[in-house]
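> Handing you a structure now.
Protein chains: 2
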Amino acid sequence: MQIHWDRFLTEKVAKRLEPSLIGEMMMLVKEREAISFTAGEPSADLYPLEELGKSFERAFGEPSLFAYYPHNGGLLELRRWIADWMKGDGLAPRSLTEEEILLTNGSQEGIHLLAEAFIAEGDAIVVESPTYPEALLTFRRQGARFLSVPVDRDGIVPEALERVLAEAGPVKFIYTIVNFQNPSGYTTTDERKAQVLALARRYDTVIIEDDPYRHLRYEGAPQGSYFALDGEGGRVIYLGSFSKIVVPGIRVGWMALPPELADKMTELRVSCEISLPALTQYALWDFLKDRDLPHYLSTLRGAYRSRRDALAEALRGQCGPLGLEIDVPQGGFFLWGRIPWVKDMVAFARYAIEEERIGFIPGRIFFADETEGADTIRFSFAKVDGDLAREGARRLARAMTSYRSALNN
Amino acid sequence: MQIHWDRFLTEKVAKRLEPSLIGEMMMLVKEREAISFTAGEPSADLYPLEELGKSFERAFGEPSLFAYYPHNGGLLELRRWIADWMKGDGLAPRSLTEEEILLTNGSQEGIHLLAEAFIAEGDAIVVESPTYPEALLTFRRQGARFLSVPVDRDGIVPEALERVLAEAGPVKFIYTIVNFQNPSGYTTTDERKAQVLALARRYDTVIIEDDPYRHLRYEGAPQGSYFALDGEGGRVIYLGSFSKIVVPGIRVGWMALPPELADKMTELRVSCEISLPALTQYALWDFLKDRDLPHYLSTLRGAYRSRRDALAEALRGQCGPLGLEIDVPQGGFFLWGRIPWVKDMVAFARYAIEEERIGFIPGRIFFADETEGADTIRFSFAKVDGDLAREGARRLARAMTSYRSALNN
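Top line first, the protein sequences correspond to chains A and B. Remember, the numbering used here sits 43 above the position in the first sequence when you count from 1. Remember, the numbering used here sits 43 above the position in the second sequence when you count from 1.
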């Protein structure tokens, strides 16, 4: 008897998940051996593999790490280190302890656990327009109703947020990427944070502050966090990640939680997977604890700053005259732009890979409302050196030229 | 303004999760420095750390493992190795390929992903009585309605299963632990498998076959799997784990899926955490691929067989006369028993740790229906050598004696 899987699968899995368009673009790039401006991941030549290898060796001296780790929130030493680091950077209230830190398999797992904890079918949440598509995927899976609020160069637009909150009824949370946002590159100023937090309090909702790019600031003054600004208000959950500043492949991120939520989220973790590998958490802690972190981060920043500048210059020089407009961010990995005469960037992205072997991400996927952003485009400079930037920009210019001419015929 | 978290949290997280009683018992054991018959985990002195360390070193020679791994189902080499291994052992149809293998963060993550995929609020599922409590936790979280079916020494009782299926209406799946079941130690015979699979087909439901202990058989003939028996019927999902035969702390398990489900489950994985650490998957593959696995497993089996025998003998000698009845399984980690005169084993377990510093797991938590199993008890022998077994049994006998005398006063 043939099995009709539709009868077995939940609606959220059968109907609401879909293959990642970013994944498709990255696979196409690989198949066509194209130059890639696609991946929001750090550059392999900047991985601190030698030092990390030594830390793994030391972890192997701790056989207890190979058992089930007794603390389901993750390695105590690393959680303590993170709590101290956040407080030292002014990102957390002085009261933060390791009890409120939950280690995650990358930030995405934090997003997943929060989606499970907060979103019941039909619940309203606020997301930025544009925002990170894998967060949209996870929230959509849980049945979220999206309220999109635009961001400008200073972050969420408070007037737009207030209009939405005033009309929406109860809102579970506001999901915001505060530094060098993916994809826009915009950073929320502290002034804006105060306004948004005041609105969150007035309308009794929660802020999820996703902050993977904070330490990759190339110029300008660092901004604070919602998590610290809220103090002991307990209204903010902070998501951090080591994927962009150490390596993504060991999959370590964290959540900093209001004390009232810490036990519940740990119980949820147990129901999802018992615990995560303490071995990698220990190796990461060992790597971090004796490091001159300001020096280490400064080296990373120098490398990415040059890449940002090279790609921005190449794209402006080659593609600006053809109608490409780009924003240059103060940090992070992304240039965000538009080509106003391109009405379907997904089609153009496939065309550019096929015809000129140049890959980038069509911006439409960053919008909860899929009618928005049809002419937008995201470039990642993280893995692109100067030569690649120039050659890629030339290819993109050729693709724009031939695509426009095909459109006009 | 005080935050009322009840308004924000989903019912499944706010109301259906609870701290693990096994976790509580293990913590109590640690605090009281008690002898522990609690933990269903392998013995640290049997971890192959030296060889695994070399495999991790070799993994460090592969920098691509530190990036986001491009295949979200997990390391292709390990998935291929698992598919070949399962086929070689007769556990899978010849058509199985790595495409149908999804690596997981331990089997628990497989249970979680399946719960997400299959269980909508109020859906009926069949579970064994007794069964693994963390699976119950995850299924309950998703809103499952439990249909408990008893197991005997040959596995699920088909007559009882049929009565339940005939009355229940649509059932999403049957969750079964087929070898040396946790907690009962019972193994489903191939004859029973044929009967249960026939019922699953007749009533159009799915079988989730959880099999972490298969390779720890100490005597008797190995049994086949539902996954192979079903052939290309596509009605069975198999969960495997390296936690019991290599180490639990690196958190690697897998799911073998019907081909129609593989893509969907991978998309679900992306929404939960993008991917898992390819580094640990590579190290495990490197460890497995050149190993004389029959020899390696035979050494493990020899060690655990002695422990099983020592604990069974000690408990029978010391506690049998006081009313303890135990079953000795052909494999796995657990002795399952009853003390008919104990009406609240949870209370007795706390008493025994406090008064005599001996820990074990009250059996009640292994039943979906909490009125069942009040007098049952689970002992793990995996980490218990002969001396500990004898001393632990003496302590348990003292605890039984004083507890009974307190009950009678």
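Beta carbons are placed, not taken as given, at the ideal position from N, Cα and C, and that holds for glycine.
1. Please classify PHE99(A): does DSSP put it in a helix, a strand, or coil?
2. Is the closest heavy atom of the ligand MG to the C-beta of LEU450(B) under 8 Å?
3. Where do the ends of the alpha helix (DSSP H) carrying SER448(B) lie?
4. Let me know the secondary structure DSSP gives PHE223(B) once reduced to three states.
5. Ends of the alpha helix (DSSP H) at PHE391(A)?
6. Please confirm whether MET70(A) has its beta-carbon closer than 9 Å to some beta-carbon of chain B.
7. At a CB-CB cut-off below 7 Å, which residues of chain B make contact with LEU319(A)?
8. Excluding the five sequence neighbours on either side, which residues of its own chain have a C-beta within less than 7 Å of the C-beta of GLY165(B), listed in chain order?
9. Can you name the residues of chain B whose CB is closer than 9 Å to the CB of GLY380(A)?
10. Should VAL313(A) be flagged as near chain B, meaning a C-beta pair shorter than 9 Å?
11. Can you find a C-beta in chain A that's less than 9 Å from the C-beta of ASP247(B)?
12. With a threshold of 9 Å between beta carbons, is PRO291(B) in contact with chain A?
13. Ordered along the chain, which non-local residues of its own chain (more than five positions away) have a Cβ less than 7 Å from that of PHE99(B)?
14. If you run the structure through DSSP and keep just helix, strand and coil, what is GLU413(A)?
15. Smallest Cα separation from TYR112(B): which of ALA163(A), SER286(A), PHE424(A), PHE377(A)?
16. What residues in its chain sit with their C-beta under 6 Å from that of THR419(A), if we drop five residues either side in the sequence?
17. What residues in its chain sit with their C-beta under 6 Å from that of TYR229(A), if we drop five residues either side in the sequence?
18. Going by the DSSP bridge assignment, what does SER470(A) pair with across the sheet?
19. Thinking C-alpha only, which one of GLU142(B), PHE223(B), THR181(B), GLY402(B) is nearest LYS73(B)?
20. Please report how far the alpha carbon of LEU52(B) lies from the alpha carbon of GLY374(B), in whole angstroms.
21. Rounded to whole angstroms, what's the CA-CA distance from PHE376(B) to ARG244(A)? Just pull it up for me.
22. Using a beta-carbon distance below 9 Å, is ALA110(B) in contact with chain A?
23. From ALA167(B) to LYS215(B), what does the alpha carbon distance come to, in whole angstroms?
24. What residue ranges within the stretch 168-199 of chain A form continuous alpha helix (DSSP H) runs of no fewer than 4 residues, ordered along the chain?
25. Between the stretch 354-365 of chain B and the stretch 144-152 of chain B, can you find at least three pairs of beta-carbon atoms closer than 8 Å?
26. Got a sec: is the Cβ-Cβ distance from LEU95(B) to anything in chain A below 9 Å?
27. So, is GLY104(B) buried or exposed, given that buried needs 16 or more other C-beta atoms within 10 angstroms?
28. Three-state secondary structure (DSSP) at PHE109(B)?
29. Output the boundary residues of the beta strand (DSSP E) element that contains PHE377(A).
30. Helix, strand or coil for SER63(A), going by three-state DSSP, please let me know.
31. Can you check whether the C-beta of ARG184(A) is within less than 9 Å of a C-beta belonging to chain B?
32. With distance defined between alpha-carbon atoms, name the residue in GLU76(A), PRO173(A), GLU303(A) nearest to GLU413(A).
33. Going along the stretch 240-269 of chain B in order, which residues come within less than 8 Å of chain A, judged by CB to CB distance?
34. Since GLY283(A) sits in a beta bridge, which residues does DSSP pair it with?
35. Per DSSP, which residues does VAL249(B) bridge with? Please list them.
36. Would DSSP call ILE317(B) helix, strand or coil?
On the basis of the data shown:
1. helix
2. For the ligand MG, the structure offers nothing, since it holds no ligand at all.
3. 429-451
4. coil
5. 388-399
6. yes
7. ASN148, ARG294
8. The answer, listed in chain order, is GLY186, ARG188.
9. By Cβ distance, chain B contributes nothing, its closest Cβ being about 24 Å from GLY380(A), past 9 Å.
10. yes
11. yes
12. yes
13. ALA326
14. coil
15. Of the listed residues, the one whose Cα sits closest to TYR112(B) is SER286(A).
16. ARG381, GLY406
17. VAL194, ARG196
18. Examination of residue 470(A) is not possible in this model, given that chain A is present from 44 through 452 alone.
19. GLY402(B)
20. 42 Å
21. Going from the Cα of PHE376(B) to the Cα of ARG244(A) covers about 52 Å.
22. yes
23. 6 Å
24. 176-184
25. Fewer than three Cβ pairs drawn from the stretch 144-152 of chain B and the stretch 354-365 of chain B lie within less than 8 Å of each other, which leaves the two stretches out of contact.
26. yes
27. exposed
28. DSSP places PHE109(B) in helix when its eight states are reduced to three.
29. 377-381
30. coil
31. yes
32. Nearest of GLU76(A), PRO173(A), GLU303(A) to GLU413(A), Cα basis: PRO173(A).
33. From the stretch 240-269 of chain B, only ARG244, ASP247, VAL249 have a Cβ closer than 8 Å to chain A.
34. TRP297(A)
35. Under the DSSP definition of a beta bridge, VAL249(B) partners with PHE216(B).
36. Three-state DSSP puts ILE317(B) in coil, outside helix and strand.
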